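Counting from 1, position 103 in the sequence shown corresponds to residue 103 in full-length UniProt numbering; the numbering is continuous, with no gaps. Scroll down for the structure; my scribbles are underneath it.
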Amino acid sequence: MRTATAENFITPPFYRRGMPSAAKCGDAVPVTTPACIPKTHEEPLARVAALLISISRNNSYEGRDPSVMPDALTSGFVADLLGIDIDELSTLLVDLNRRGLVEPCGSTLKLKDMPALERLAD
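Dropping the structure here:
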């Protein structure tokens, strides 16, 4: 049974607003939720942690520092991807910072405690 939260996570808000499907857009590739983030996370904080872990693992795979999040992702994009608004994303990131799991570092975000983030995402 899907909850409203799970439905929001599965279908990013811009699709629910009536964006045309990829078939109608020709070469356009729709943005989808990364497959490594479980769609069953009902808690937004767990979804944020899962996304950070996913990006970290991808960075490691591609030879980049896994503890530094790229600054190319906008807050609006991440919030839409997670099915939350920008204000809630900001609140969740402040919460992660207070827990000592992440730290703002210039225009990027540094992951300080990967094992704790992984536990939070489980």
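Virtual Cβ for every residue (Gly too), placed ideally from N, Cα, C. Owing to the predicted nature of the structure, the values given are computational and were not obtained by experimental measurement.
So, are the CB atoms of Leu117 and Leu93 less than 9 Å apart?
Numbered from its first residue, the sequence shown carries residue 117 at position 117. Numbered from its first residue, the sequence shown carries residue 93 at position 93. No, the pair does not count as a contact, with Cβ atoms beyond the cut-off.
Cutting at 6 Å between CB atoms, please list the residues of its own chain near Ala121, excluding the five before and the five after it.
Sequence index remark: in the sequence shown, residue 121 carries index 121 (1-based). Closer than 6 Å at Cβ, skipping near neighbours: Ala46, Ala49, Ala50, Ile53.
If you draw a straight line from the C-alpha of Asn58 to the C-alpha of Pro66, how long is it?
Sequence index remark: in the sequence shown, residue 58 carries index 58 (1-based). Sequence index remark: in the sequence shown, residue 66 carries index 66 (1-based). Straight-line Cα distance between these residues: approximately 8 Å.
For Gly83, count neighbouring Cβ atoms within 10 angstroms of its own Cβ and tell me buried if that reaches 16, exposed if not.
Stepping through the sequence shown from its first residue, residue 83 is reached at position 83. The residue is buried, with at least 16 neighbouring Cβ atoms inside 10 Å.
From Cys105, Thr91, Glu88, Ile86, pick the residue whose C-alpha is nearest to that of Asp71; which is it?
Counting from 1 along the sequence shown, the entry for residue 71 is found at position 71. Taking only the C-alpha atoms, the option nearest Asp71 is Cys105.
Hey, how far is the Cα of Arg119 from the Cα of Asp113?
The residue labelled residue 119 in the question sits at position 119 within the sequence shown. The residue labelled residue 113 in the question sits at position 113 within the sequence shown. Using only the alpha carbons, I get a separation of about 10 Å.
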